[in-house]
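Numbering (the working numbering), first residue to last: 400 to 787.
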């Protein structure tokens, strides 16, 4: 069969969108890796290209010639079954290949990929791999934005990425507690016509007790009240591991908050601005979300409560921490081969986030989407919604 026209169009648009995100950067910005969990922008550009070269062209296009035989070593991320790779912490040491060569790599692979798809019949299995590749690149588009923010936000000059970039859309609705009745709720992805990741599959039922969930995310103003009430100094609000973390890392506010002359400011991709108190809180860890909920004498919703209630409120501006550990659904089976490493092997020591954020790519979210991060990480656009 021929690749579906809509998927081919989405593939081409996705490849262009990734490069558009990098347009405001200066050459030096492409190389920086200020923390282990951040990757240099040029590595994202290469890795998302290597994915298509490795899993589509190399394995399926007759006579395909690799752009560079060393690029699999440079741009493999965590696919142990595919081959050796650069250690993650060393990505920022890759002064070579240069940015121009990586863009040439992208152009080469995109052309070879589109030519191959235009000229050949493909299997349903290969189309599924291409679809995964498109959504994989969309994931990296969000990581690109958040990594760029971390890179620029840790530059002492706090440079502007794009002065038109808006992070703080204000929800003007009135806060309400939504009542969700007890009962059995169906969880998981069941639409066979819509893309989803393997960790969303395994439709099953869960029993939920009565609960209430807020229709609004916590705002900067509400979190500022927590800070001013001594929230970061009250050991009784924190998990033991979290308390050790805030002491060791000197954490006393969300990431990108700066106090200058007793006034709070927030670094955004649009630059340093006065804290927008009515905007939804962001860049907090699970640890901080939990401590805030404790302070309010409430809690975070589970991912199942979130999925059961999500049709009653607006979501999508912040990823929302839940109280759920990232674990497999009933009858979960990871795919065979290297792509089986995509989700399953990370199901340990992580917390689930639901929804999406302002940085999430278009056509890349669902009510069943399960994001996941270690509980101390906060460089993504993470917020929180309370339950009780």
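Think of the CB as a built atom: it goes at the ideal place given N, C-alpha and C, for glycine as much as any other residue.
Here the structure is a predicted model, which means the values were calculated and not measured.
- Between the alpha carbons of residue 695 and residue 777 lies a distance of about 21 Å.
- Here residue 539 is buried. Its C-beta has 16 or more other C-beta atoms within 10 Å.
- Residue range 770-772 is occupied by the beta strand (DSSP E) that includes residue 770.
- In the structure shown, residue 707 adopts helical secondary structure according to DSSP, grouped into three states.
- For residue 756, the secondary structure class from DSSP, reduced to helix, strand or coil, is coil.
- Apart from sequence neighbours up to five positions away, the residues of its chain that approach residue 677 with a beta-carbon distance below 7 Å are 569, 618 and 620, ordered along the chain.
- The alpha-carbon separation between residue 772 and residue 517 amounts to approximately 38 Å.
- Between the C-alpha atoms of residue 652 and residue 567 there is a straight-line separation of about 17 Å.
- Of the candidates 622, 522, 461 and 614, the residue whose Cα lies closest to the Cα of residue 704 is 614.
- Judged by beta-carbon spacing, residue 718 lies within the 7 Å limit of residue 754, meaning their Cβ atoms are closer than that value.
- Residue 452 counts as buried, since no fewer than 16 other beta carbons sit within 10 angstroms of its beta carbon.
- Per DSSP, the unbroken alpha helix (DSSP H) holding residue 510 starts and ends at 498-518.
- With 16 or more other CB atoms across the displayed protein chains lying within 10 angstroms of its CB, residue 768 is buried.
- Under the DSSP assignment, residue 657 falls in the beta strand (DSSP E) whose first and last residues are 656-659.
- In the DSSP assignment, residue 724 falls outside any alpha helix (DSSP H) and within the unbroken beta strand (DSSP E) covering 718-724.
- The bridge partners DSSP lists for residue 751 are 771.
- Straight-line measurement puts the Cα of residue 721 at about 5 Å from the Cα of residue 701.
- By the Cβ criterion, the region 583-593 is in contact with the region 601-608, since at least three pairs of Cβ atoms, one from each stretch, lie closer than 8 Å.
- Rounded to whole angstroms, the separation of the alpha carbons of residue 624 and residue 409 is 44 Å.
- The continuous stretches of beta strand (DSSP E) do not include residue 433, and DSSP gives it neither H nor E.
- Rounded to the nearest angstrom, the Cβ distance from residue 455 to residue 407 is 13 Å, too far for a contact under 8 Å.
- Non-local beta-carbon contacts of residue 770 in its own chain, meaning distances under 6 Å to residues more than five positions away in sequence, involve 718 and 752 in chain order.
- Fully contained in the region 553-639 are the following alpha helix (DSSP H) runs of length 4 or more, in chain order: 619-627.
- For residue 665, the uninterrupted beta strand (DSSP E) run begins and ends at 662-667, by DSSP.
- Shortest Cα-Cα distance from residue 489 to any of 437, 507, 500 and 448 involves 437.
- Secondary structure of residue 679 (DSSP, three-state): strand.
- Residue 429 places its beta carbon 7 Å or farther from that of residue 552.
- Distance between residue 607 and residue 582, taken at the CA atoms: about 6 Å.
- Taking every protein chain shown into account, the CB of residue 414 has 16 or more other CB atoms within 10 angstroms, so this residue is buried.
- Using a Cβ distance threshold of 7 Å, residue 550 and residue 683 do not count as a contacting pair.
- Where residue 670 is concerned, the enclosing beta strand (DSSP E) starts and stops at 670-673.
- If you look at residue 472, you'll find it in the alpha helix (DSSP H) that goes 470-474.
- Approximately 6 Å separates the beta-carbon atoms of residue 746 and residue 727; this is inside 8 Å, confirming the contact.
- Cα atoms of residue 508 and residue 495: separation of roughly 19 Å, rounded to the nearest angstrom.
- Distance from the CA atom of residue 412 to the CA atom of residue 536, rounded to whole angstroms, is 11 Å.
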